[in-house]
Structures are given as C-alpha cells and as structure tokens.
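Step one of this worksheet: look at the structure below.
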Amino acid sequence: MKHQNSLSSHLAKVFITLMAGTILLCLLLNNTFLEKFYIRDKQKSLLNAYQKINSAANKGNIDTDEFEQELQILCSRYNMDVLVVDVDSKTVKFIGKDPELSRMQLWDNLFLQENNKESSNLVETEQYRIKIVKDKRLNNENIEMWGTLDNGNLFLIRTALESIKDSVQLANRFWAYIAILSTIASGIIIWIVSKKITKPILELADISERMTRLDFEAKYTGESNDEIALLGANFNKMSEVLEKTISELKTANNELTKDIQKKTEIDEMRKEFLSNVSHELKTPIALIQGYAEGLQEGISNDEESRNYYCSVICDEAAKMNGMVKKLLTLNQLEFGNDIVSMERFDITMMIRNCLQSSEILLKQNEITVRFTQEEPLFVWGDEFKVEEVFTNYLSNAINHCAGEKMIDICFEQREGKLRTTVFNTGNPIPEDSISHIWEKFYKVDKARTRAYGGSGIGLSIVKAIMDSMNQQYGVINYENGVSFWFELELQQKIDELSE
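So for the sequence shown, the working numbering puts the first residue at 322; every next one is plus one.
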C-alpha cells in the first residue's frame, strides 16, 4: 500500500530534523563557548598548581622529593612552567624548559611594561594576578599567574595558550564531518526502524480497507507483544464479530426476502387459482344447472331424454370432482404439505400395471402401444407420485394420439439415471405453447381438451412432483408426434453414492 505522506516518511523527517538541529546547535555552542571554556580550564589548572605550591611552602616541604614528583606530574599534565624565588631572588623551585626566560618574565610582569606584549586581565587579587599575555615578538600566547606566596616568596606559573581559534575551527570541521556521517547513518537507521514500526500499522490499514469491502479473510499476523499487536488482535476479533453479525443479518434478510416472495407468490397463486377455477367451473355448472332445470320443468317426458339429461349432469359432476381432486393434489405439492417418500421400486412393473389399467381406453381409441422392456429396472423415487406422472403422460398421449395411432414407451440409461419417454403420433405442440404447457389450466387446444374432459392441470401436477424429487422432465416435438420424458435415479447410482 503506497501513501503519498506515509507515517514512516514523517517519522524519518522528524528524527532527521531533530538530529540535524542538535548537531548544528552543538556546532554553534562549540564555536561560541569553546574558547572561553578552554581559558577557564587553563585558569583552574593554574589556581590548582598555586594552591599546591602555597600549601607546600607553608608546610615547609616544598623541597621534598615527594612534592617534586607531584608537581612534575601536574606540570606535565597541564603543560605548565613553575618558578618560585625567595626575597633574595634565589630560585627555590623551578619546573620547565628555560629558567632564565621564566625569571625574566617574572620580573617583567612585576616591574616592567613592554610595548611588544599585549595582555588582558582575568583575575586580580592582593596575592596574585592572572593575565593572558601575547608576545608579538615570539607570536605566542600564554596564561601567566604571578604574585607572592604566604611565606613571601615570589612565584610565576605560566602555561602556553595554543591558538584557541585554530582549535575551535579544527573541532568544528571535525564536528561537521561527524555530523554528515552521523546524519547519513542515522537517516538510514531511522528509515529502517520507521519502516519496521509503520509496517504493522500499514497492515492494519490494509485490513481495515478490506473490511470496508466486507472481506473478512484478512487477519493481522504480527508476532510482537506491543500495543500494535494488541490493536491487531482487537481488529481480528472485530472482523470475526462483524462477519458473524453480517452473516446473521444476511441470513435473516434472505429469509425475510423468501417470506415476502413466498407471500407474494401465494397471493398471486390465490388470485390465479380463483380466476382459473371460476372459469373452469363456469361451463360445467351452467350445464348442470341447465339440464337440471330442464328436468325440473319437465321439458321432455320420454324416459330416453330424461336419461340423457341425467347422464350429462353426472358426466359434468364427475369432471368437476376430478378437477377438484387434482387441484387439491397440486395444492399439497406446491405448498410442500405432501411428504415425498423415496423408495426403490420396479418401474417396468409399474408401467405394465398402468397399461393394463388403460387397456380398455386404448382399445376404444384404437391405439397401439409399444413397450418392449421385459426385465425389471429398479429406480429410486416416490412410486405413487411417479405413477401419477406416468399416468398423466399416458392420458395426454391417448387424448392427442392421431395419424398412425401409435404410443411408444422406452427407457434410456444415461449417467446413472433412467429416462422414461412416452411418445405418441399426432400433431406436434405449437412452438409458442411449449413454454406454457406446464402452467396450471393452460390448454393448447381448448375445444379438444374440453371434449375429452381435460382440466389443464395434469402437466402442472407432473411439474410439481418432479420438482419435489429434484429430477428433470421435459417435452420434445417431432414431425410426426410429441414425446414427454422424465428421469429418475437408477438403483446402481444410489448404491455407489451410499458406499
């Protein structure tokens, strides 16, 4: 994830700026106060040497070897020359390179004022004086301390004051080199460290962005034990809770949508049912009412006419009764109130029983049936419902059979399923009607359907039964007829799945 103003860049800039500012401040302080600090340090070393010499003179051990060694170490450390003379100008103690030069310098400081020397006073008391003395002749600069000890002896302590400005410039140049190297090295280190610090933060930012897209697979995987790891763990918990909550909401929303859709469908089905039933019952009720009124009014007195009237009434009542039974069956199937009992049965035997029951009707219509299957074929399904499907197919085939008056029933095995096909010769179904034949009360030829007492419900029952068993069904048009088919699971396929 790339950010124009990343946190790592901000951190690196802040730390590098602070470091550079600190180094520049040190350079400024070094350039401003180093010289004064250096002079103050030299002054302290002179005062320290004076106190030791004065103490030794008061104790009378200024000539001892022990004090000599201590003074030698002090002078060597601070690069000092020491001269002590008595009131007779005799040298009491000297440590340095040139005693005569030190003696002359002492007398010059005490009694003479030379034009070739410049001096600036640092400290002045009754016993001693400290000055910075610059000798133009030798082009050098020293800090000199002279005066009298408590015992009356004169003393001179001097230390060379090297060119402090050169030292400051050298120190500043060294600091500049160190600053450049430190800035580069620190910048690299800070950049690496900031990357390491901001990496888990960027990971959390990426997780939060994915969560806004409802992607809850992203989890924080950091292994540290700091506050960011705690935040990452809380992110993971929040992701799980959100995923669970959204899942529950989606489930509830899906159920609500299904309930609304189901309610809408039920309302539509109720309206359609009432419309279709009222339309289908209107004709038989009108016939029954008309013939019944004719009998009541005695329109025909002969027995043959009365019997005809009664037969019409009975026939129409039977059609109404059959239609109501089919509607009840369809209603139970569509609303899931009818339990589907899956069992193994011999479909060959079932079909032969149906053909035997329809034998009289087939002979009356002079229809030839061809069914060559002899061996048993076991399938899985609800035997009574499958029989209802086949009976509807066979009834349709008988009622629409024409031409050669042939019904052909055959089996076809495909991928563990058995397809049963019922073909009848006759006119094919119009193409614009094929997609509607499974709808309730739909009739391709209303006059013909009315003639044989069809209600337009049979194929709707087929659709509901096959859907309840999650199996396929359909219709195929041919030039000389129509075939309806349905599929069921073969016994072998089910057994393989169970194993």
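Beta carbons are placed, not taken as given, at the ideal position from N, Cα and C, and that holds for glycine. Computed from a predicted model, the values in this text were never measured in an experiment.
Open item on the list: Per the DSSP calculation, D402 is bridged to which residue(s)?
Closed with: R479
Q | Bridge partner(s) assigned by DSSP for W806 | A | T742 and G795
Which of helix, strand or coil does DSSP assign to Q364? helix
Beta-carbon within less than 8 Å of M671's beta-carbon, same chain only, minus the 5 sequence neighbours each way: which residues are those?
E704, V707, E708 and F711
- Query: DSSP beta-bridge partners for F415?
  - Reply: L404
* To do: Output yes or no for whether 8 Å exceeds the beta carbon distance between G779 and T746.
  => no
Spatial neighbours of T504 within its chain, please: C-beta separation below 8 Å, excluding the five flanking residues on both sides.
I337, M340, A341 and I344
task = Would you list, in sequence order, the uninterrupted alpha helix (DSSP H) runs of no fewer than 4 residues that lie entirely inside the stretch 666-690?
result = 668-678 and 680-685
Quick check: the stretch 494-504 against the stretch 458-477, are at least 3 beta-carbon pairs closer than 8 Å?
no
Residue closest to L346, alpha-carbon to alpha-carbon, out of N493, A718, R673 and E569: N493
Quick one: Cα of S330 to Cα of K373, how far?
-> 59 Å
Cα-Cα, which of I383, A638 and K761 is closest to Q610?
A638
Mind reading off the beta-carbon distance from I730 to I688? Whole number of angstroms is fine, and I expect it under 8 Å. Actually they are not in contact, since the Cβ atoms of I730 and I688 sit about 12 Å apart, beyond 8 Å.
Worksheet item: Over what stretch of residues does the alpha helix (DSSP H) that includes G779 continue unbroken?
Response: G779 to S789
Next on the checklist: With a threshold of 8 Å on Cβ separation, who are the neighbours of K323 within its own chain once the five nearest residues in sequence on each side are excluded?
Outcome noted: Note that K323 scores 49 on pLDDT, short of 50, meaning its location in the model is unreliable; the coordinates nonetheless yield the value given after this. Taken in chain order, the list of residues that qualify is empty.
Same chain only: Cβ atoms within 7 Å of A772, ignoring 5 sequence neighbours per side: Legend: pLDDT at A772 = 46, less than 50; position of this residue unreliable, no value from coordinates given.
message: Considering just the uninterrupted stretch of the beta strand (DSSP E) at T385, what are its terminal residues?
response: Unbroken run through T385: none, as it is neither H nor E.
Within 8 Å, strictly: CB atoms of W806 and T741
yes
Next on the checklist: Spatial neighbours of I668 within its chain, please: C-beta separation below 6 Å, excluding the five flanking residues on both sides.
Outcome noted: L698 and V700
Below 8 Å on the Cβ atoms is my contact criterion, and I expect D382 with F388 to pass it. Report the Cβ-Cβ distance as a whole number of Å. Reading off the sequence, residue 382 comes out as Asn, not Asp. That pair is a contact at about 6 Å.
Problem - beta strand (DSSP E) runs wholly inside the stretch 448-474, at least 3 long, in chain order - result: 449-456 and 461-469
- prompt: Would a check of beta-carbon distances place I606 closer than 8 Å to chain D?
  reply: The chain labelled as chain D is not found in the depicted structure, where only one protein chain is given.
Checklist line | Collapsed DSSP secondary structure at E445 in the structure displayed | finding: strand
**OP:** Could you give the DSSP three-state label for I587: helix, strand or coil?
**Re:** helix
Let's see if you can read the secondary structure: which residues bound the beta strand (DSSP E) around F692? Looking at the DSSP string, F692 is not in any beta strand (DSSP E), and its letter there is neither H nor E.
Which residue wins for smallest C-alpha separation from N555, given the options Y541, S626 and D527?
Y541
I need the boundaries of the alpha helix (DSSP H) containing D753, first residue and last residue. E752 to I755
| task | Classify S423 as buried or exposed, calling it buried when 16 or more other Cβ atoms lie within 10 Å of its own Cβ. | result | buried
Supposed contact pair I750 and V796 - C-beta distance, whole angstroms, cut 8 Å: 7 Å
message = Check for me: the beta strand (DSSP E) holding E800 runs from which residue to which?
response = That residue, E800, is in no beta strand (DSSP E); it is neither H nor E in DSSP.
Check: If E465 and N430 are in contact, beta carbons under 8 Å, what's the gap, nearest whole angstrom?
Finding: 6 Å
| task | Would you tell me roughly how many angstroms separate the C-alpha atoms of I567 and N574, rounded to the nearest one? | result | 10 Å
Pick from I510, Q490 and N798 that is closest to S756, judged by C-alpha positions: N798
Any idea which residues DSSP pairs C396 with across the strands?
-> Answer by DSSP bridge pairing: none, since C396 is not bridged.
Tell me the DSSP secondary structure of F336 in three-state form. helix
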